[in-house]
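Chemist:
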Amino acid sequence: MRLDTLLVRAAERLSESGSTSPRLDAEVLLAHVLGVDRTWLYTWGDKVAPSGERARFEALVAARTEGHPVAYLIGEREFWGLPLATSSHTLIPRPDTETLVEITLRLADTAEGRLLDLGTGTGAIALAFAKERSSWQVTGIDRVAEAVALAETNAERLGMANVRFLVSDWFSALGSERFEMIAANPPYIAENDPHLRQGDVRFEPLGALVAGDDGLADLRHLSRAAWSHLVPGGHLVMEHGHDQAAAVCELLEGAGYVEIGNYRDLAGQERVT
Ligand code: GLN
Numbered sequence: 001m002r003l004d005t006l007l008v009r010a011a012e013r014l015s016e017s018g019s020t021s022p023r024l025d026a027e028v029l030l031a032h033v034l035g036v037d038r039t040w041l042y043t044w045g046d047k048v049a050p051s052g053e054r055a056r057f058e059a060l061v062a063a064r065t066e067g068h069p070v071a072y073l074i075g076e077r078e079f080w081g082l083p084l085a086t087s088s089h090t091l092i093p094r095p096d097t098e099t100l101v102e103i104t105l106r107l108a109d110t111a112e113g114r115l116l117d118l119g120t121g122t123g124a125i126a127l128a129f130a131k132e133r134s135s136w137q138v139t140g141i142d143r144v145a146e147a148v149a150l151a152e153t154n155a156e157r158l159g160m161a162n163v164r165f166l167v168s169d170w171f172s173a174l175g176s177e178r179f180e181m182i183a184a185n186p187p188y189i190a191e192n193d194p195h196l197r198q199g200d201v202r203f204e205p206l207g208a209l210v211a212g213d214d215g216l217a218d219l220r221h222l223s224r225a226a227w228s229h230l231v232p233g234g235h236l237v238m239e240h241g242h243d244q245a246a247a248v249c250e251l252l253e254g255a256g257y258v259e260i261g262n263y264r265d266l267a268g269q270e271r272v273t
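This is the structure we're talking about:
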């Protein structure tokens with residue numbers, strides 16, 4: 001069967017199974033199996049897929065129709081223009097979180113400094129920041145050892161020398177170390193939120209998503225705990241849900257922070273404080 005026909009049929013099946021981006025999913029999976037760029041498929045749609053590749057593609061499409069996220073199926077997701085290895089031990093990096101990186105960079109306006117990324121997962125925030133601020137020292141921590149190993153792999157593949165990753169339950173492994181910037185995309189979904197039963201999140205680690213019955217448990221903890229790990233004049237930047245900006249402001253005010261600002265994501269929602 002020709003590649004373009006294969007894609008049309010796969011996209012139909014993916015659409016029926018409820019994917020919101022069936023054509024894109026099909027193209028990404030086929031490009032992965034063939035080891036080519038997605039754009040290659042537009043030029044060579046009349047080629048015929050070898051049977052081995054076709055079988056591998058069909059297996060991935062079948063897994064996708066069961067809901068498995070494309071990023072886990074191909075083991076990769078791009079974030080901030082960086083190809084990052086992903087695994088089911090970590091949250092899949094989302095475009096929303098690029099807003100957090102943007103704000104962090106805007107506030108990190110000195111030539112040198114130290115940034116801490118709390119709950120680094122794939123290392124996405126730490127690596128994006130390290131790329132843009134090569135003279136800063138970047139630390140990413142995660143409670144999950146598999147996540148730290150994955151983040152280290154990503155740093156090595158990207159050849160980034162100014163980043164280190166540590167296994168740490170929030171600040172536990174950091175002693176009295178202080179930073180100019182602390183960034184975090186902590187869990188912030190309430191445990192009974194129906195959003196957890198839809199789409200890709202069903203396959204992601206709950207520990208990276210859920211934060212108590214109001215979704216604020218970790219934001220509350222970090223608002224207090226980060227204080228003693230910041231230098232005077234340092235910044236704490238946190239991602240949160242679209243309806244949590246006021247609550248996060250209140251938490252930060254209570255912890256003693258000043259000059260608190262909410263920032264909007266690309267959809268115009270206040271998602272970073
Ligand atoms: N924004 C993600 C979602 O709604 C959740 C990320 C997080 O909890 N840190 O799927």
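Using UniProt numbering, you'd call the opening residue of the sequence shown number 1 and step up by one each time.
Beta carbons: idealized from backbone N, C-alpha and C, even for Gly.
(1) Verify the CB distance criterion: does Arg143 have a CB-CB separation below 8 angstroms to chain D?
(2) How about Pro95: is its Cβ closer than 7 angstroms to a heavy atom in the ligand GLN?
(3) Fully enclosed by the stretch 148-210, which beta strand (DSSP E) runs are 3 residues long or longer?
(4) Among the residues of its own chain, which have a CB less than 7 angstroms from the CB of Phe171, if the five just before and after it don't count?
(5) Quick one: is Pro232 buried, meaning 16 or more other Cβ sit within 10 Å of its Cβ, or exposed?
(6) Which of the three DSSP states, helix, strand or coil, is assigned to Leu14?
(7) If I measure Cβ to Cβ from Val201 and keep anything under 7 angstroms in the same chain, skipping five residues before and after, which residues do I get?
(8) Determine the extent of the alpha helix (DSSP H) in which Pro83 is found, giving its start and end residues.
(9) Report whether the distance from the Cβ of Glu239 to the nearest heavy atom of the ligand GLN is below 7 angstroms.
(10) Compare the beta carbon distance of Pro186 and Leu236 with 8 angstroms and say whether it is the shorter of the two.
(11) Helix, strand or coil for His240? Go by DSSP, reduced to three states.
(12) Measure the C-alpha to C-alpha separation of Ala63 and Leu73 and round it to an integer number of angstroms.
(13) From this set, Glu259, Thr273 and Arg264, which residue's C-alpha is nearest Leu222's C-alpha?
(14) Just reading off the alpha helix (DSSP H) that Glu98 is part of, what are its end residues?
(15) Give me the residue from Glu177, Ala184, Met181 and Leu216 with the minimum Cα distance to Asn192.
(16) Measuring only from the beta carbon, is Pro194 closer than 7 angstroms to any heavy atom that is part of the ligand GLN?
(17) Report yes if the C-beta distance between Ala128 and Val163 is below 8 angstroms; otherwise report no.
(18) Within the present structure, is the beta-carbon of Ile189 separated from the nearest heavy atom of the ligand GLN by less than 7 angstroms?
(19) Is the distance from the Cβ of Ala161 to the Cβ of Gly140 below 8 angstroms?
(20) Which two residues bound the contiguous beta strand (DSSP E) that contains Thr65?
Modeler: From the atom records:
(1) Among the protein chains of the structure shown there is no chain D, as only one such chain exists.
(2) No.
(3) 163-167 and 179-184
(4) Ala225 and His229
(5) So Pro232 ends up on the exposed side.
(6) Helix, per DSSP.
(7) His195 and Leu209
(8) First-last for Pro83: Leu82 to Ala85, but that is the beta strand (DSSP E), not the alpha helix (DSSP H).
(9) yes
(10) no
(11) coil
(12) 8 angstroms
(13) The residue with the shortest Cα to Cα distance from Leu222 is Thr273.
(14) Thr97 to Leu107
(15) Leu216
(16) no
(17) no
(18) For Ile189, the Cβ falls inside the 7 angstroms cut-off from some heavy atom of the ligand GLN.
(19) no
(20) Per DSSP, Thr65 belongs to no beta strand (DSSP E); it is in the alpha helix (DSSP H), Ser51 to Thr65.
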